[in-house]
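Report on the structure given below.
The following block contains the structure:
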């Protein structure tokens with residue numbers, strides 16, 4: 001039923017015969033009071049009546065159940081209470097319900113429709129905020145990657161190390177010094193070709209310097225320095241990586257040969273100096289010095 005029309009027509013029927021049938025009387029119940037306050041019913045004929053809204057009464061669009069009491073013409077008259085479902089909605093100029101009115105008449109009031117619209121707006125706002133947050137996070141990530149020095153970012157990279165020694169700081173050596181030491185130029189003549197340090201040089205065997213036969217030095221330090229001086233002046237001493245070459249005993253050796261050793265008696269030797277060697281050599285000093293063991 002449109003709000004702009006006077007109402008809707010209703011009809012009643014009875015299977016009884018006269019005089020227990022029509023004409024009929026149409027009434028609205030007194031309880032609840034809102035029925036007569038909002039609705040009116042008027043008789044058109046013996047079988048028809050018109051149900052409508054009262055003047056200046058506003059009802060929300062929707063479906064309403066209006067109870068109607070119908071009485072027949074019997075003596076005494078019989079009555080029947082019927083429920084009339086009335087759909088209230090705004091109508092267009094042709095008297096038809098609009099789309100909003102049809103939705104409201106289906107059971108949704110204006111408050112429910114407004115609530116649905118608010119929920120839709122909130123949902124769209126949340127989606128928009130989520131998209132903005134994703135874009136901002138992606139932008140911050142790209143900015144952070146630009147601030148990182150590519151040389152410092154070593155993640156998922158394989159570093160290649162192909163430098164020996166000290167790298168660029170270890171390139172200032174003179175290769176000629178390794179091929180031919182200057183300290184030997186005054187001792188031997190340089191053969192043709194490149195001199196290698198990993199093999200024994202092929203040069204004519206030189207005569208070792210003949211060291212004078214001197215008595216055994218009294219100071220062991222002088223003896224060590226003499227041997228060190230002889231080793232430093234030896235042209236065959238390696239820098240090459242090979243077996244060490246040792247001198248033979250005999251010529252130039254202060255110790256002489258083993259065959260030259262002679263036996264002597266204890267009376268010819270003075271072993272008193274063994275007492276100056278400390279407590280570790282006390283046993284040896286007692287043996288050769290003639291001391292008595294404790």
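Residue numbers (UniProt numbering): 1 to 294. Note that beta-carbon positions come from the ideal geometry of N, C-alpha and C, so glycine has one too. Small disclaimer: the values here were computed from a predicted structure and weren't measured.
Checklist entry - How is residue 41 classed by DSSP in three states: helix, strand or coil? => result Your numbering for residue 41 matches position 41 in the chain shown. The answer is strand: DSSP assigns residue 41 an E or B state.
Checklist entry - Can you give the Cα-Cα distance for residue 21 and residue 112, rounded to whole angstroms? => result On the chain shown, residue 21 is found 21 positions in, with the first residue counted as 1. On the chain shown, residue 112 is found 112 positions in, with the first residue counted as 1. For residue 21 and residue 112, the distance between alpha carbons rounds to 46 Å.
Next on the checklist: Cutting at 8 Å between CB atoms, please list the residues of its own chain near residue 274, excluding the five before and the five after it.
Outcome noted: The residue you call residue 274 lines up with position 274 of the chain shown. Same-chain partners within the cutoff: 281, 284, 285, 288, 289.
Next on the checklist: Report the CB separation of residue 74 from residue 19 in whole angstroms; it is logged as a contact under 8 Å.
Outcome noted: For the purposes of this step, residue 74 is taken as residue 74 along the chain shown, with counting starting at 1. For the purposes of this step, residue 19 is taken as residue 19 along the chain shown, with counting starting at 1. At roughly 7 Å, the Cβ-Cβ gap stays under 8 Å, so residue 74 and residue 19 are in contact.
Checklist entry - Since residue 29 contacts residue 67 with CB under 8 Å, what's their CB separation in whole angstroms? => result Locating residue 29 in the chain shown gives position 29, where the first residue counts as 1. Locating residue 67 in the chain shown gives position 67, where the first residue counts as 1. Right, the Cβ-Cβ distance comes to about 5 Å (below 8 Å), so this counts as a contact.
Checklist entry - Just reading off the alpha helix (DSSP H) that residue 285 is part of, what are its end residues? => result Taking the chain shown and counting its residues from 1, the one referred to as residue 285 is at position 285. In this chain, the alpha helix (DSSP H) harbouring residue 285 covers 282-289.
Checklist entry - If you run the structure through DSSP and keep just helix, strand and coil, what is residue 130? => result What you label residue 130 is simply residue 130 of the chain shown in a count that begins at 1. Correct three-state label for residue 130: helix.
Checklist entry - Around the C-beta of residue 277, are 16 or more other C-beta atoms found within 10 angstroms, so that it is buried, or is it exposed? => result Translated into positions along the chain shown, residue 277 becomes position 277. Exposed.
Next on the checklist: Would residue 48 and residue 11 be called neighbours here (beta carbons separated by less than 7 Å)?
Outcome noted: The count along the chain shown starts at 1 and reaches residue 48 at position 48. The count along the chain shown starts at 1 and reaches residue 11 at position 11. Yes; because the gap between Cβ atoms is below 7 Å, this pair is in contact.
Checklist entry - Grouping DSSP H, G and I as helix and E and B as strand, with all else coil, what is residue 13? => result The residue given as residue 13 occupies position 13 in the chain shown. It is coil, neither helix nor strand.
Next on the checklist: Using a Cβ-Cβ cutoff of less than 7 Å, which residues in the same chain neighbour residue 43 once the five nearest sequence positions on both sides are dropped?
Outcome noted: Along the chain shown, one-based indexing puts residue 43 at 43. Hits under 7 Å: 26, 49.
Checklist entry - For the candidate residues 271, 23, 81, whose alpha-carbon lies nearest to that of residue 46? => result Here residue 46 refers to the residue found at position 46 of the chain shown. Nearest of 271, 23, 81 to residue 46, Cα basis: 23.
Checklist entry - Of the residues 93, 70, 90, which one's Cα is nearest the Cα of residue 82? => result Numbered from its first residue, the chain shown carries residue 82 at position 82. The residue with the shortest Cα to Cα distance from residue 82 is 70.
Checklist entry - Which full runs of the beta strand (DSSP E) of 3+ residues lie inside the region 24-98, going along the chain? => result 25-27, 39-43, 48-53, 62-71, 79-88
Checklist entry - Nearest CA to the CA of residue 295: which residue from 34, 122, 272, 38? => result The requested residue 295 is not part of the displayed model; the chain covers only 1 to 294.
Item to check | residue 232: first and last residue of the uninterrupted alpha helix (DSSP H) it sits in | outcome: As a first step, residue 232 must be located in the chain shown, where it is residue number 232. 220-232 is the span of the alpha helix (DSSP H), which, as asked, contains residue 232.
Checklist entry - Among 36, 61, 72, which one has its Cα closest to the Cα of residue 17? => result Residue mapping note: residue 17 aligns to position 17 of the chain shown, counting from 1. Taking only the C-alpha atoms, the option nearest residue 17 is 72.
Item to check | residue 104 to residue 61 span [Cα, whole Å] | outcome: What you label residue 104 is simply residue 104 of the chain shown in a count that begins at 1. What you label residue 61 is simply residue 61 of the chain shown in a count that begins at 1. A caution first: residue 104 carries a pLDDT of 49, below 50, which makes its placement in the model too unreliable to give a value.
Item to check | Same chain, Cβ closer than 6 Å to residue 7, five either side skipped, listed in chain order | outcome: The count along the chain shown starts at 1 and reaches residue 7 at position 7. Same-chain partners within the cutoff: 50, 51, 52.
Next on the checklist: Could you tell me the alpha carbon to alpha carbon distance between residue 88 and residue 59, rounded to whole angstroms?
Outcome noted: Here residue 88 refers to the residue found at position 88 when the chain shown is read from its first residue. Here residue 59 refers to the residue found at position 59 when the chain shown is read from its first residue. Roughly 8 Å between the two C-alpha positions.
Checklist entry - Rounded to a whole number of angstroms, what is the C-alpha to C-alpha distance between residue 90 and residue 57? => result For the purposes of this step, residue 90 is taken as residue 90 along the chain shown, with counting starting at 1. For the purposes of this step, residue 57 is taken as residue 57 along the chain shown, with counting starting at 1. Answer to the nearest angstrom: the Cα atoms are 14 Å apart.
Next on the checklist: Rounding to the nearest angstrom, what Cα-Cα distance links residue 96 and residue 34 in this structure?
Outcome noted: For this step, residue 96 is matched to residue 96 along the chain shown. For this step, residue 34 is matched to residue 34 along the chain shown. One C-alpha to the other measures close to 27 Å.
Item to check | residue 138 to residue 123 span [Cα, whole Å] | outcome: Numbered from 1 along the chain shown, position 138 holds the residue referred to as residue 138. Numbered from 1 along the chain shown, position 123 holds the residue referred to as residue 123. The straight-line gap from Cα to Cα measures roughly 23 Å.
Checklist entry - If we count the other Cβ atoms within 10 Å of its Cβ and call it buried at 16 or more, is residue 121 buried or exposed? => result The residue you call residue 121 lines up with position 121 of the chain shown. Classification of residue 121: exposed, given that the 10 Å Cβ count is below 16.
Checklist entry - When you compare only the Cα positions, how much space is there between residue 236 and residue 279? => result Looking up residue 236 in the chain shown gives position 236. Looking up residue 279 in the chain shown gives position 279. If you take the alpha carbons of residue 236 and residue 279, they lie about 42 Å apart.
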